[in-house]
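Residue numbers (my numbering): 19 to 129.
Structure follows, in structure tokens:
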């Protein structure tokens with residue numbers, strides 16, 4: 019937060035924060051042999067384009083991800099390292115941030 023917001027919070031006891039909208043990205047099934055994390059990264063805009071939520075051309079541009087938070091779920095066998103790489107790739111979609119719902123065991127193993 020900027021110093022102006024911090025000063026406002028100190029004076030009023032509250033801090034106004036705008037929360038961006040989110041977009042749910044849900045994967046189904048298990049990753050098949052030969053499918054890489056990069057394939058998952060590319061599948062997100064592929065399906066958004068098929069659904070009309072992302073356009074390639076500049077005229078009447080649509081990007082459902084722009085400025086929003088990607089919420090990814092359904093990747094049960096993901097390691098934390100893979101999750102880091104996948105969330106980092108959300109910038110390629112112009113997303114503000116990314117979260118991934120992970121299995122507890124993967125987080126424990128990483129820690």
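Positions of the beta carbon are idealized from the N, C-alpha and C atoms, including for glycine.
Because the structure is a prediction, the values reported are computed rather than measured.
**Item:** Nearest-angstrom Cα separation, counted from residue 73 out to residue 118
**Value:** 25 Å
**Message:** Quick check on residue 117: does DSSP put it in helix, strand or coil?
**Reply:** strand
**Request:** Classify residue 55 as helix, strand or coil using the three-state DSSP reduction.
**Result:** helix
**Request:** Give a yes or no on whether the minimum CB-CB distance between residue 23 and chain C is below 8 Å.
**Result:** No chain C appears in this structure, which consists of one protein chain only.
**Request:** Just confirm the distance between the C-beta atoms of residue 104 and residue 42, as a whole number of angstroms; I'd bet it's less than 8 Å.
**Result:** About 15 Å; that fails the 8 Å criterion.
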